[in-house]
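Going letter by letter, the sequence shown gives residues 149 to 1131 in our numbering.
All C-beta atoms in this analysis are idealised placements derived from N, C-alpha and C, irrespective of residue type, glycine included.
The structure under discussion appears below in the form of structure tokens.
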Amino acid sequence: MHRGRAGAEALNRPVGVAHGASALGVAWLIACAIALLTGASAVVILIAVGLVAFVASLLSGWTAIRHISVDAVTTADLADAESTLTWHVHANGTRRAHAELRVAEAVVARGWVAPGSTLLSGSAPGRGVHTSVQVRLSSAGTLGIVWWRRRSTIGIEPLFVAPTAALEPAPHQRPAGHRGDNCVTSRATGRDEVDGVRSWREGDELTAVHWPATLRTGEFVVRQRLHDLEERWVVQAHSRSGDSGLEAARARTALEEGLAVGARVAVQVDAHEPTALLDRAAVLRWCAAFEAGEGPGGSRPHTPFWQRPLAIPSPEPESSLTSGARWAVAVAAAAPPVMLLEPLGYGLIQIAVVLAAVAAGAYFSMRGPHHQRLLRQALGLLTGVAVALSLVDLSAVDSIATSLRFLLPQTLVALVVMQGFECTDRRSARVSLACSAMLTAYAAGIRVDERLVVWLAVSLAGLTIGSHAVAHIDRRPPAATGRSGRTNRRLVVTRAVAVVGAASAVLAVLAVVRVPEGPAQLTLPSWLQEYRPTPSDGELVAADGSPLLGGAAPGGSRSGAGAGGYPGFSPTMDTSLRGALGDEVVLRVRAPYADFWRGQTFTQFDGRVWRVDEATGELTEGPDHDVRLAPGDVSTKGDDQFIQTFYAEVDLPNIVFAASRADRVLLAAPMWARPDGALRAQVVIPAGSAYTVVSQRSGATADGLRAEGDISQLASPIEFVYTPASTTDRTRALAEELAGGASSTYDVILAIQAWLRTHVTYNLEAPVPPSDVDAVDHFLFESQQGFCEQIASATAMLLRSLGIPARIATGYVPSERDEVAGVWISRASDAHAWVEVRFPNFGWIAFDPTAAVPLAGEATRTTIGGDLAKAVAGLIGDHIAVVLTSLLLVAAITVVGKLVVGWWRRRRRGRWGVLQDRFVSAALQRGAPLHAPNARLADVFDQRAAQELAATLDASAFAAEWADDDTSYHRALDAISELERSA
């Protein structure tokens, strides 16, 4: 046995990715395409997670390979070529890595090594005298995706590897003086049969007891083959024969034959002096050293690049998949289909069929790639087709947009099911994980509900656990080494810091990514959950199809107050009515900016009630509706398009809500574009439906509006400046007072809003104005309490009193934002009324003192990371007590769990068994070999106390007369504590 020491080391470098990891990269690129198609923030978050995971894989592998090194290798010093050979590898560090030992470019051993000593079973290198071993350490870290490698050369004492004996021996000579097999050792006839030596006979042993002489003399007399001491073979060898390996093998055969017959052997190369070889070891050493490195086999033959295989090899040393990892992949593949199918309206039975198919794929594929392969593939194909038939409804596919909802996701689910039947190794397992990641991204692109966060977390957790399970066996050495409690605690802390760091990195990446502007124009979402036509006269109808005649109409459980209960969603709006509005979510709108989601506009006012224009406008069939600009709007087409996708959470009337200046509407039904700017569908909008609106942004800013000057000096249509006869003088006087000193209409609007904030209280229970008084006058000077309809009406009348064109609009305002889904949420109680003022160069601009909606030109897209950080901070701030309680509870459970586990371990192992475990762990930390006895473990400490402790532990386990006493135990406890500190 001999040991080599570390020599020069090469730099750490990445060498490739694990089996099937490229599929994960393809899934990431597909997620990028989905983000472009859908404009979903959740998909962008997944992209950032994937990017950070890849960087973390790079850093994890690089960190792991830096924290381990091999400093010594022990093996036999003499071996036959390609024979089995055990290599003892000693490593330093804190991580595990895969080691590949190479001698003369030939791989002689490979396996997982840990800090300390590891035995690797391998083979001997090719013939020759080898003085160095190249160690290639590889690791992919915790994630097991990107592999890093470091090469080091360890110098060793000469390792002699002899060639395998040839079938044909080399020629040999027997020098003169040699006596043949029939010679006798005595001339006296017969005496050799009694007590002398005799001629050697075929089949006799080389050395044997001579029993006649032994019995006669009373002592053992051993006879030996006398002529062995004199026979000599000289084997002929030739240099530069063209095949030095074969020449050495033939010489070995002849030399070993000579030794077998008891001859003294020597080898003569060409005409040189013979070299005597005393034993078989000397023969093997000469055969190993003879012209070593010359002739065939000295180096690896060069293969031209065009003859090399096209496949890209993976540095991952294993490709097999454990049953546990296979089921982990199945669990990871189960969540994304449910996440995808649930919002598409599929029921429990169809989802259960998909889950059963995923489980069946796991069951049939866990037995390996060759087990009933044809049957497994046939079952996979049939199962995938059956799943596709149960999910796909071709009658619903009539456009690219509908195919993205009713054909493509179902096909992807079927493909994931079929891939599950092919998941037999690590490559196919990672392909399955990549397919699951694609489904997750697709589901994140179409889901906008509040459960998206939960499903994202579940799917990401499944993908993480599945990926970890696939690669987990890669990081285990042949036998597990012990870890100290301190090491375990450090590992837990390190992983916790890594998780927090990864989350922070994701937020940092997203902090520079703005909220998407919207989906690609080719795939603007639009579908109706159910087609419910309305009368074709363009009139308003409720969600149940009944006419909307005005007032606070009661709503059902689906329509609720938000659909028919708000008086602003009817032909007339009484400013004294508010309606019973709940908190149910009515709309989710995917848009980069918050805006007023306008549904109706009102121009005519009689002092109490607003009325819509009676003109129905222009009817277009759709599903892609081009909308003309309404009177008063100003075209800004091409400057700033504003894409909004509306998702109906409840049944809605036939009002098409949209930001102002709608230019294009994607709605799978006929639609009326009214002259007043309102949009009405010829169907009601059922819950689960979606449509997309492309509007033109006005680009209005405070400076731009102020530059418009006093627009009351311009001629405006009479209907926009008309004031009813009931308008009081004090209302007009207030308007003049607020406009005094203002140089622009915009400043007048700000002055009116400031006065309302100061003098009016927002109150949904405000008193109803008497029937014989002007509602605006009563609101401004009597009650000074009211809600949005009254505030907007008062603002409009004050502006009209000054000759400024104004009208009322109703719709929804966003009250909150789902930062993960990237949607604005409007509840029934967010039904709102606001005032719109017409500016010559900007058109109708919305104003409201109670809604936090900025001017179009001043609205900026926030970043996804900034929104998420604010949301997390707000969530923690709002639930700080729950967060602290949860942390304390987790800490308490952890402490109690450790105490229970420790108690159970001590009870099961006994106190001496626990000491034995601690002793083994400390010794392994110092580099002791695996499975060594206690005496060998104690050698690594270089302390007498360690030897005494080893003897005590052996006695406690094996000595029949052992008596357990506290004194011995505490002495041993002190000793192991001291050894652990030194380790």
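Asked, Found
"Let me know the secondary structure DSSP gives V417 once reduced to three states.", "strand"
"Starting from the Cα of P422, find the closest Cα among H320, A483, L496 and give me that residue.", "H320"
"Sorted by chain position, which residues of the same chain lie with C-beta nearer than 6 Å to T242's C-beta, five sequence neighbours on each side aside?", "H215"
"Closest to G218 by C-alpha separation, out of E964, V281, T186, F744, would be which residue?", "Per the sequence shown, residue 218 should be read as Val rather than Gly. That would be V281, whose Cα lies nearest to the Cα of V218."
"Near A314, what residues of its chain come up, given a Cβ to Cβ distance below 8 Å and the 5 sequence neighbours on each side ignored?", "L394, A397, R398, R400, T401"
"Taking one C-beta from the region 172-181 and one from the region 636-651 each time, how about it: are there three or more such pairs within less than 8 Å?", "no"
"Considering only residues of the same chain and omitting the five flanking positions on each side of S1116, which have a CB-CB separation below 7 Å?", "T1100"
"Using CA atoms only, rank isn't needed, just tell me which of C435, Q830, P664 is closest to S684.", "Q830"
"State buried or exposed for I418, treating a residue as buried only when at least 16 other CB atoms are found within 10 Å of its CB.", "A small correction: the amino acid at residue 418 is Asp; Ile does not occupy that position in the sequence shown. It is exposed - the Cβ of D418 has fewer than 16 other Cβ atoms within 10 Å."
"Along the chain, where does the beta strand (DSSP E) that runs through G825 open and close?", "Element bounds for G825: n/a, residue is neither H nor E."
"Keeping to the same chain, check which residues put their C-beta closer than 6 Å to that of A473; ignore five residues upstream and five downstream.", "A617, V618"
"Write down the C-beta distance between T784 and E937 rounded to the nearest angstrom, noting that I regard them as a contact closer than 8 Å.", "Going by Cβ atoms, the distance from T784 to E937 rounds to 29 Å, so no, they are not a contact pair."
"From what residue to what residue does the beta strand (DSSP E) around E766 run?", "766-768"
"Is L1127 buried or exposed, if buried means 16 or more other CB atoms sit within 10 Å of its CB?", "buried"
"Going along the chain, which residues of its own chain have a beta-carbon closer than 8 Å to the beta-carbon of A1017, five neighbours each way excluded?", "L655, A659"
"Pick helix, strand or coil for A1082, following the three-state DSSP scheme.", "Reading the sequence as shown, one finds Asn at residue 1082 and not Ala. N1082 falls in the helix class under three-state DSSP."
"Confirm, please, whether the CB-CB distance from L862 to P673 is below 8 Å.", "no"
"Just how far apart, CA to CA, sit R599 and A605?", "10 Å"
"Tell me the residue span of the beta strand (DSSP E) that contains D966.", "964-966"
"With 16 other CB atoms within 10 Å as the buried threshold, where does A1033 fall?", "Sequence inspection shows Thr at residue 1033; the Ala mentioned does not correspond to that position. That one is exposed."
"Looking at chain B, is there any beta carbon in it that lies within less than 8 Å of the beta carbon of S1034?", "Judged by its chain identifiers, the structure shown contains no chain B, having just a single protein chain."
"Roughly how many angstroms lie between the CA atoms of R1056 and I1041, to the nearest whole one?", "22 Å"
"Start and end of the beta strand (DSSP E) containing T148?", "Limits of the chain in this structure are 149 at one end and 1131 at the other, which puts residue 148 out of reach."
"Take G1013 and list the residues in its own chain whose beta-carbon comes closer than 6 Å to its own, dropping the five residues that flank it on each side.", "L655, L658, A659"
"Per the contact definition of three or more C-beta pairs closer than 8 Å, is the region 196-213 in contact with the region 222-237?", "no"
"Taking the alpha carbon of V309 as the reference point, which residue from V968, I195, A437 has its own alpha carbon closest?", "A437"
"Tell whether a beta-carbon distance below 8 Å holds between Y960 and F805.", "yes"
"D225: buried (16+ other C-beta within 10 angstroms of its C-beta) or exposed?", "exposed"
"In the DSSP assignment, what are the bridge partners of Y960?", "W745, A979"
"Report, in whole angstroms, the separation of the C-beta atoms of L725 and P715, which I expect to be a contact under 8 Å.", "5 Å"
"Is the beta carbon of V415 less than 8 Å from the beta carbon of L407?", "no"
"So what does DSSP say about W1110, is it helix, strand or coil?", "coil"
"So, A1132 versus P801, is the Cβ gap smaller than 8 Å?", "Summary: the structure shown does not reach residue 1132, with the chain confined to residues 149 through 1131, and so no result is reported for it."
"At the level of alpha carbons, what is the spacing between R975 and V737?", "11 Å"
"Using the three-state DSSP reduction, which class does F216 fall into: helix, strand or coil?", "The sequence shown places Ile at residue 216, not Phe. I216 falls in the strand class under three-state DSSP."
"Indicate whether I900 and V842 have their beta-carbon atoms separated by less than 8 Å.", "no"
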